[in-house]
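Chains as they are written, first to last, in full-length UniProt numbering: chain X, 1 to 305; chain U, 1 to 272.
For reference, the structure discussed in these notes is given below.
In structure tokens:
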């Protein structure tokens, strides 16, 4: 391990690209989360009705219906065939995320993401141990459980405890005790399990991951030959098991991150001082060929700021 | 099989162990979730669902808790249940009649807004809605039952003279007044809650209850003889002889007044 791995995560990127350059996608993501939340809040707060409803189901400009496909699936399994409006809304959401990456929902839309990101940030600042790390596949088991329970009880089961729609609905319609649930997730991610909720347990993320398993929009380590093993991308990535196959793949293998677990958050692009990663489509196998294949990557100091 | 006689592979053992662990965890978590689901079906009596809502069990399989019905309710009647503070299943729409009753809009915007059909789009006439049934729960405090002419519940009823009527009877207490009993006819009551909202008492004497609490049900095999007789246009069993009824008065079995029933005999208010 080089001493560089002990630098604060992203420090070299900040030095190389400037603070904004090294936080570009993070800022864009926060903007996206706020923007879509604001669309929902403009109505109840200011009487500007662009979007009505919540993440579970909404109506935009009185025309465009959107429905959460996971909730719709549970409804169907529970024994109710929804009206056409909800079905159309579900298909629109399904197709969109199938194209741009299912878990884009997690990192660009979900209101719980800032909560778990904050827990993760504090976790790193306090240098806490990883804690309980169940298998990544646990969320798929939970997803299956949720669907089975929906079928057995005839109730849309996950909506009884889904912190995502509860927080979203809470902000728009009234909180109740949802804040306690959100606080519980924060504490869980901070002290019990790093990346615990979004990375291991949440069945909504698992579902959207499945939707986007073959999505077009992907991150590619196309400049992987420039990688200097600073490990910052592994440190910031909420699903860092997705990186190695692309970044450390043998010559000749595709540099594209194809795992459905990748949330397309773009933090790896931000924190990489040598710009290994880039957004592209899944069929883009292009790898940047180093100008001098023998020489090791130049130290970052040589890079113009 | 080729495995026979060979030591089992540790990977396989590991896989089976992991699967068993995960399955066990899922059974525990799933049971908790199923318990919550069962709990969620217990809708409290004072929480009324919007017009057209499917029966509670089906409603919870259909309502995605989006709140679009709440947004399109022009009177802010509907609310979404908040976690922990309202007792209906969290995020589902309901209203409390005593707070804001349903105004029974002709175009039923809440039903039109529902994307999933949890509010049944086949409800096209609001008078057919069945959000609950009004019940005059407290005759002892109802002003009309005390002999006063309050009549407020009757007057505000959107289905006046059909869902609530005033039934006239003798006021036995004063002996010389009438008593106008507000009487709900469940077939016509939509459960809008106007009566409960308007009851002048500090705690309403008339309340809208869910149908399951408000009503009994007649046994399937019961027949009302008088209705069957009218429908048939004659006696239901041939050959029955309709004997004269025994009434108070002179008669062969009446030792005080032998001779049988004499019309008008000794009845109060009837000429001698």
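Built from N, CA and C at the ideal position, the CB exists for glycine as well.
Here the structure is a predicted model, which is why all the values come from computation and not from measurement.
About 17 Å separates the Cβ atoms of residue 183 of chain X and residue 131 of chain X, ruling out a contact at the 8 Å cut-off. By the neighbour-count criterion, in which 16 or more other beta carbons inside 10 Å mark a residue as buried, residue 216 of chain U falls on the exposed side. Here DSSP, grouped into helix, strand and coil, assigns residue 245 of chain X to helix.
Around the beta carbon of residue 97 of chain X, 16 or more other beta carbons lie within 10 angstroms, which makes this residue buried.
Selection X:232, X:172, X:190 evaluated against residue 126 of chain X yields X:190 as nearest (Cα-Cα). Going by C-alpha positions, residue 164 of chain U is about 27 Å away from residue 225 of chain U. Take the alpha-carbon of residue 47 of chain X and the one of residue 14 of chain U: they are about 58 Å apart. Interface criterion not met: the Cβ of residue 47 of chain U is under 8 Å from no Cβ in chain X.
Counting other Cβ atoms within 10 Å of its Cβ, residue 240 of chain U stays below 16 and is therefore classed as exposed. For the pair residue 208 of chain X and residue 136 of chain X, the CB atoms are not nearer than the 8 Å cut-off. Nearest in C-alpha terms to residue 212 of chain U, of all of U:33, U:222, U:8, U:42, is U:42. When secondary structure is reduced to three states using DSSP, residue 71 of chain U falls in the helix class. Leaving aside the five residues that flank residue 147 of chain X on each side, the residues in its chain whose CB is nearer than 6 Å to its CB run, in chain order, 77. For residue 171 of chain U, no alpha helix (DSSP H) segment is defined; the enclosing uninterrupted segment is the beta strand (DSSP E) at 164 to 171.
Per DSSP, reduced to three states, the secondary structure at residue 222 of chain U is coil, with no helix or strand assignment. For residue 57 of chain U, the nearest beta carbon of chain X is closer than 8 Å to its own beta carbon. Burial state of residue 134 of chain U is buried, judged by a 10 Å Cβ sphere holding 16 or more other Cβ atoms. In the three-state reduction of the DSSP assignment, residue 208 of chain U falls in the strand class, which pools E and B.
Going by beta carbons, residue 282 of chain X and residue 255 of chain X fall outside the 8 Å limit. Between the alpha carbons of residue 215 of chain X and residue 142 of chain X lies a distance of about 23 Å. In the DSSP assignment, residue 165 of chain X falls within the alpha helix (DSSP H) that extends over 163 to 173.
Chain-order list of chain X residues neighbouring residue 30 of chain U: 145, 148, 149, by C-beta distance under 7 Å. Residues of the UniProt domain "4Fe-4S ferredoxin-type" (91 to 124) of chain U whose Cβ lies closer than 7 Å to any Cβ of chain X, in chain order: 91, 115, 116, 117, 121. For residue 204 of chain U, same chain residues with a beta-carbon under 7 Å away, outside a window of 5 residues either side, are 98, 196 in chain order.
Counted as a single uninterrupted DSSP element, the stretch harbouring residue 13 of chain U is not any beta strand (DSSP E) but the alpha helix (DSSP H) occupying residues 10 to 40. For residue 117 of chain U, the closest C-alpha among the options U:172, U:69, U:222 is that of U:69. For residue 52 of chain X, a Cβ of chain U is located within less than 8 Å of the residue's own Cβ. According to DSSP, residue 63 of chain X shares a beta bridge with no other residue. Within chain U, 64, 66, 68, 115 have C-beta atoms less than 7 Å from the C-beta of residue 57 of chain X, given in sequence order.
By the Cβ test, the stretch 29 to 46 of chain U is not in contact with the stretch 58 to 73 of chain X, since fewer than three Cβ pairs between them sit closer than 8 Å. Nearest CB-CB separation between residue 73 of chain U and chain X: not below the 8 Å threshold.
Judged by DSSP in its simplified three-state form, residue 193 of chain X adopts strand.
Contact between the stretch 160 to 179 of chain X and the stretch 36 to 44 of chain X is present: three or more C-beta pairs spanning the two stretches fall below 8 Å.
Residue 33 of chain U is positioned such that its CB atom lies no closer than 8 Å to that of residue 166 of chain X. In the structure shown, residue 136 of chain U adopts extended strand secondary structure according to DSSP, grouped into three states. Taking the beta carbon of residue 86 of chain X as reference, the chain U residues within 8 Å of it are 64, 115, 116, 117, listed in sequence order.
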